[in-house]
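My numbering applies: residue -1 is where the sequence shown begins, and numbers increase by one.
Quick reminder that beta carbons are idealized off the backbone N, C-alpha and C, glycines included.
Remember, predicted model here, so these are calculated numbers, not experimental data.
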Amino acid sequence: WWAAWMAVVIVSRELAVTGLRGIASAGGRIMPASWLGKAKALSQNCAIVALLFHYPQAGLPGQEIGLVLLSVATLLTLVSGYLYFADFFGSTGNDRPDFETGAS
-1 WWAAWMAVVI VSRELAVTGL RGIASAGGRI MPASWLGKAK ALSQNCAIVA
49 LLFHYPQAGL PGQEIGLVLL SVATLLTLVS GYLYFADFFG STGNDRPDFE
99 TGAS
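(1) With a CB to CB cut of under 6 Å and the five nearest residues on each side skipped, what residues in its chain are close to alanine 45?
(2) Quick check on phenylalanine 87: buried or exposed, where buried means 16 or more other Cβ atoms within 10 Å of its Cβ?
(3) I'd like the ranges of any alpha helix (DSSP H) spanning at least 4 consecutive residues and lying wholly in the region 0 to 73.
(4) Leaving out five residues on either side along the sequence, give the residues of the same chain with a beta carbon under 6 Å from the beta carbon of phenylalanine 51.
(5) Identify, in the order they occur along the chain, each residue of the same chain with its Cβ nearer than 6 Å to the Cβ of leucine 49, setting aside the five sequence neighbours on each side.
(6) In or out: glycine 17 buried (at least 16 other Cβ within 10 Å) or exposed?
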């Protein structure tokens, strides 16, 4: 049950970054996926596969490996999510949309 909060963090970050990308694209800015986001996706997908194997398979403890990979994915989720928002709100010049007038 304690790993459920990690899933909540991951899903929340996905929703937040998707919303941020939508806001950015409305202002004419493209925010491509970073290498950290791709590493997060890879560790997340590997964690899901490992967690499907509750009992040891081929001598490997799938459940434990999956929980470690899920922890790594959660850490990468927090770091990459922070960097997306820092990049968006830390940008200067015409890259950042003007929310008061709606202009970019």
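So, from the listed chains and residues:
(1) As a working note, residue 45 is residue 47 in the sequence shown. Gly64, Leu67, Leu68 and Ala71.
(2) On the sequence shown, residue 87 is found 89 positions in, with the first residue counted as 1. Phenylalanine 87 should be labelled exposed.
(3) 2 to 24 and 33 to 49
(4) Locating residue 51 in the sequence shown gives position 53, where the first residue counts as 1. Around phenylalanine 51: Gly60.
(5) Position 51 of the sequence shown holds residue 49. Cβ neighbours of leucine 49 beyond the five flanking positions: Gly64.
(6) As a working mapping, residue 17 is identified with position 19 in the sequence shown. So glycine 17 counts as exposed.
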